[in-house]
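Chains as they are written, first to last, in the working numbering: chain A, 1 to 218; chain B, 1001 to 1218. Each residue gets a CB set at the ideal place from its N, CA and C atoms; glycine is no exception. Structure first, commentary second.
Number of protein chains: 2
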Amino acid sequence: MARRGSYAKGIAKREEILNAALDIVARAGYSRATVRELAQAVGLSQTGLLHYFGSKEQLFVEILRRRDEVDQHVFGAVDDEGRPALTDLPGAVTSLVRHNAEVPGLVQLYARFSSEAAEPGHPAHAYFRDRYETARSAAAASIVEHQAAGTLPAGLDPDRLAVILFALLDGLQTQWMYNPEIDMAEQLGYFWELLSSKTDEGDDSGPASSSAGSAAEG
Amino acid sequence: MARRGSYAKGIAKREEILNAALDIVARAGYSRATVRELAQAVGLSQTGLLHYFGSKEQLFVEILRRRDEVDQHVFGAVDDEGRPALTDLPGAVTSLVRHNAEVPGLVQLYARFSSEAAEPGHPAHAYFRDRYETARSAAAASIVEHQAAGTLPAGLDPDRLAVILFALLDGLQTQWMYNPEIDMAEQLGYFWELLSSKTDEGDDSGPASSSAGSAAEG
DNA sequence: GTCTATATATTGATAGAC
DNA sequence: GTCTATCAATATATAGAC
């Protein structure tokens, strides 16, 4: 849109920074993920980088957002126009998990930053809260579709299953960081297996505790 | 054992510090969990506290160890002599989770510290690695017993289920920190339900990826 | 054993020049 | 937009007195 010197370039530079940061973090991990290091990696001074993202927290949030966007396109949660796509949920999630095992630094960034931001006053608290909300909501919707299509047992509770799914993803990553021999994809596959072999009964008593969704997971 | 001035007192003081710290962290959370704050809370100077635990990391590890011991006794993973007890695993874990919801600060400490220590070089890395190993091992053993007793389907793979169980516990806590309305115990109950309604078939293909165990979980 | 004082290190943030 | 320089805020760790 806007040419003439400034606006467009600023956006481009932001993109460049984000992509580079994503790359560095993926390899070097969280400890190297200081504003200075990241800045230097893209040939900027600390101040230069902070010019684009007011604070470290905002920078990190943008990095994670960026990553989500990429993952969502790669693993088919959204189509080329960015609209939610109806894909094979188990397959997509498993692919995602397999991909995550290739970028340990990002897994670490996600784990650390999300646990730091769990503190209610943290600048990135809302980001994660909303992200979980959205992800659960999308996953639950996807589960419903699978049930309609007969690819997941109708007896499953979409909302609760969505919570469990993302809990599992996060938790697997933690254990994997301590023992890379743990095969996240394999474990996840077993989980789907457990679900599928569930006897197909109607609904049950307990009230669902939250909403549902289908974004990518860190 | 040893009387005469020093040794015994040192141990007692350590205990006192640990218990107090546990209490403070449970209420105040991780941000207040600086060596200084903890020291002051037990009427010591920062140096005074560090005299008992060489570093912050060691202190935190001891706090978590302490907590595990307490939890294991309360929730029956070990008997009064400290030997592994054969108890109702689903029940014990659910009780534990319910208890954790009462001590948000500890959940936070666990989440943050365990994600920090995930970095391979971290002083507490080995502690968590071993803890997960032990916990999985004990849980898997417990699952086997339940299967023998007919309280869990024989078709379940103990090793993989143990990984999934602890992943679920960790992950639920994360989501719960961002949205306390998420009922961890309820979610866990649903998970057990899913398992129990599993059609009771024999074993299957996939190789198990890790070992098993039955300690408490943060 | 416990304290005071201090060293040390890190890092995020700001002021202001170019 | 980008840099240099500098601040300021923590926090942990250590030295050494009492």
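- Between the alpha carbons of P84/A and H146/A lies a distance of about 15 Å.
- For Q175/A, the chain B residues whose C-beta falls within less than 9 Å of its own C-beta are Y1132, R1136, V1163, F1166, A1167, D1170 and S1210, listed in chain order.
- Beta-bridge pairing by DSSP links V1078/B to P1084/B.
- Between Q1108/B and A139/A, the CB-CB gap reaches or exceeds 8 Å.
- Note: K198/A is bridge-paired with K1198/B in the DSSP secondary-structure output.
- Of all C-beta pairs linking the segment 66-74 of chain A to the segment 148-160 of chain A, fewer than three are shorter than 8 Å, placing the two stretches out of contact.
- DSSP places S31/A in the coil class of the three-state scheme, outside both helix and strand.
- Residue burial annotation: R112/A is buried, with at least 16 other C-beta atoms found within 10 angstroms of its C-beta.
- Distances from the alpha-carbon of S197/A to those of V163/A, A141/A, P153/A and P180/A put P153/A closest.
- Residues of the segment 1102-1120 of chain B whose Cβ lies closer than 7 Å to any Cβ of chain A, in chain order: Q1108, A1111, R1112, S1114, S1115, E1116, A1118 and E1119.
- A1041/B is positioned such that its CB atom lies no closer than 8 Å to that of A1026/B.
- Here V74/A is exposed. Its C-beta has fewer than 16 other C-beta atoms within 10 Å.
- With respect to chain B, the C-beta atom of R32/A has no partner C-beta closer than 8 Å.
- Excluding five sequence positions before and after V35/A, the CB atoms of its chain that fall closer than 8 Å to its own CB belong to Q46, L49, L50, K56 and L59, given in chain order.
- Neighbourhood of K1009/B in chain A, by CB distance below 9 Å: empty, with the nearest CB roughly 36 Å away.
- Considering only beta carbons, no part of the segment 1038-1069 of chain B lies closer than 8 Å to chain A.
- Chain B has a Cβ within less than 8 Å of the Cβ of D157/A.
- Annotated three-state conformation of T1094/B is helix, per DSSP.
- The alpha-carbon separation between L1172/B and F53/A amounts to approximately 31 Å.
- I11/A sits exposed, since fewer than 16 C-beta atoms from the chains shown fall within 10 Å of its C-beta.
- Straight-line spacing of the CA atoms in V103/A and D1079/B works out to 42 Å.
- By the Cβ test, the segment 1121-1138 of chain B is in contact with the segment 1152-1170 of chain B, since at least three Cβ pairs between them sit closer than 8 Å.
- Under the 8 Å criterion on CB atoms, L194/A is classed as interfacial with respect to chain B.
- A Cβ of chain B is located within less than 8 Å of the beta carbon of S197/A.
- Taking all protein chains in view, the Cβ of Y190/A is crowded by 16 or more other Cβ atoms within 10 Å, so the residue is classified as buried.
- One Cα belongs to V1163/B, the other to E1015/B, and the distance between them is close to 32 Å.
- Listed along chain B, no residue sits closer than 9 Å to Q147/A by beta-carbon distance, the nearest being about 15 Å off.
- For V1103/B, no alpha helix (DSSP H) encloses it, and the DSSP letter there is neither H nor E.
- Here H1073/B carries a helix assignment [DSSP, helix/strand/coil].
- H125/A carries a helical assignment under DSSP once its states are collapsed to helix, strand and coil.
- In this chain, the alpha helix (DSSP H) harbouring A1162/B covers P1158 to Y1178.
- A straight line joining the alpha-carbon of I17/A with that of I24/A spans about 10 Å.
- Pairing E37/A with L1086/B, the inter-Cα distance amounts to about 51 Å.
- Going by beta carbons, D170/A and T1094/B fall outside the 8 Å limit.
- For G29/A, a Cβ of chain B is located within less than 8 Å of the residue's own Cβ.
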